[in-house]
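Visitor: Numbering (the working numbering), first residue to last: 362 to 510.
We put the CB at the ideal spot given by N, CA and C, even for glycine.
(1) Any idea if residue 439 is buried or exposed, counting beta-carbon neighbours within 10 angstroms, 16 or more meaning buried?
(2) With a CB to CB cut of under 8 Å and the five nearest residues on each side skipped, what residues in its chain are close to residue 505?
(3) Taking C-beta to C-beta, are residue 444 and residue 460 nearer than 8 Å?
(4) Taking residue 498 as the reference, which of 455, 477 and 404 has the closest Cα?
(5) Residue 495: which of 485, 400 and 417 sits nearest, CA to CA?
(6) From residue 478 to residue 486, what distance separates their C-alpha atoms?
(7) Under a Cβ-count criterion, where at least 16 other Cβ atoms within 10 Å of its own Cβ denotes burial, should residue 424 be classed as buried or exposed?
(8) Helix, strand or coil for residue 457, going by three-state DSSP, please let me know.
(9) Let's test the definition: count the other Cβ atoms within 10 Å of the Cβ of residue 427 and tell me whether it reaches 16, buried, or not, exposed.
(10) So, with DSSP's three-state summary, where would you put residue 462?
Encoded structure:
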């Protein structure tokens, strides 16, 4: 009789172990599926942004319109009166233009929380050299000349 209870106990233990293995595999499959969906969403949204044929930046007499959807929300128009400073700098060997804006809080409020977190404490609008076809120094001179007018 004692042997009979041990046998049932072994069966119950095996069933519990089997249930745990099944739940772990279901969790891993679910987690894997979520990761695949998230990766495809990120890849798809960035691919769509790159395939749209829009200029990255439009400079006119009113201000600067910037379409950097990968980091910033679309800045409808950054008026010249809102541009505090423009400067060039080297970031790991890549030349970029930085723009300080007086309404950066408004610009950051249009960005998702995740993108805001990724920007960290950056309070400048960055335009890297590889994002534009124009020379950075020529663009800097153009922006500076428009700011003073």
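Guide: Quick answer:
(1) Walking along the chain shown from the start, residue 439 turns up at place 78. Result: buried.
(2) Against the chain shown, residue 505 aligns to sequence position 144. Around residue 505: 447.
(3) Taking the first residue of the chain shown as position 1, residue 444 is located at position 83. Taking the first residue of the chain shown as position 1, residue 460 is located at position 99. Yes.
(4) If you number the chain shown from 1, residue 498 lands on position 137. Checked all of 455, 477 and 404; the closest Cα to residue 498 is 455.
(5) For this step, residue 495 is matched to residue 134 along the chain shown. Of 485, 400 and 417, the residue nearest in Cα terms is 417.
(6) As a working mapping, residue 478 is identified with position 117 in the chain shown. As a working mapping, residue 486 is identified with position 125 in the chain shown. In a straight line, the C-alpha of residue 478 is about 15 Å away from that of residue 486.
(7) For the purposes of this step, residue 424 is taken as residue 63 along the chain shown, with counting starting at 1. It counts as buried.
(8) Position 96 of the chain shown, counted from the first residue, corresponds to residue 457. The answer is strand: DSSP assigns residue 457 an E or B state.
(9) Counting from one through the chain shown, the residue named residue 427 turns up at place 66. Label assigned to residue 427: buried.
(10) For this step, residue 462 is matched to residue 101 along the chain shown. Here residue 462 sits in strand by DSSP.
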